[in-house]
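For reference, the structure is listed below as structure tokens.
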Amino acid sequence: TAGLNGVVCSAHEIAAIKAACGPDFLTVVPGVRPTWAPANDQARMMTPAEAQRAGADFLVIGRPITRPPAAIGTPSEAARRILDEIASVVA
Numbered sequence: 001t002a003g004l005n006g007v008v009c010s011a012h013e014i015a016a017i018k019a020a021c022g023p024d025f026l027t028v029v030p031g032v033r034p035t036w037a038p039a040n041d042q043a044r045m046m047t048p049a050e051a052q053r054a055g056a057d058f059l060v061i062g063r064p065i066t067r068p069p070a071a072i073g074t075p076s077e078a079a080r081r082i083l084d085e086i087a088s089v090v091a
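Position 3, counted from 1, in the sequence shown is what this note's numbering calls 3; the numbers after and before it change by one each time, with no gaps.
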């Protein structure tokens, strides 16, 4: 682990990283998009629920919250929906 506590990685690499570095090695995962959000420039995405199931420790979610689709409404509504999705996996 070269003295690191964690790494920023795609959700697609979480299993391999945890296998190589141990289950307590932290993963910070960008490119997380709810199904209702456009992909924008993200190529290797997972939904918040998928990333949570994959073992992500921290999710980086930007534009789906700061610029949600009009159908979702406000940033606070977008954040609430994302939190509800994560809670459905954690619960």
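Positions of the beta carbon are idealized from the N, C-alpha and C atoms, including for glycine. Model, not experiment: these values are computed from the prediction.
Candidates the options, of which the one nearest residue i by Cα
i   : options              : result
T47 : G3, V89 and L4       : V89
A39 : A79, V7, A54 and P68 : P68
R63 : A79, Q52 and N5      : A79
Close Cβ partners of residue i (< 8 Å) along its chain, the five nearest in sequence each way excluded
i   : result
R81 : P34, W36 and I72
C9  : I17, T27, V28 and V29
Neighbourhood of residue i by C-beta, 7 Å cutoff - its chain only, sequence neighbours within 5 removed
i   : result
V60 : V28, V29, P30 and V32
Q42 : G31 and R33
Exposure of residue i, with buried meaning 16 or more beta-carbon neighbours within 10 Å
i   : result
A15 : exposed
P75 : exposed
A11 : buried
A2  : exposed
Alpha-carbon spacing of residue i relative to residue j, whole angstroms
i   : j   : result
P23 : M45 : 22 Å
E13 : A70 : 32 Å
L83 : A56 : 14 Å
C21 : E77 : 36 Å
Contacting residues, own chain, Cβ-Cβ under 6 Å from residue i (five flanking each side not counted)
i   : result
E85 : P48 and A49
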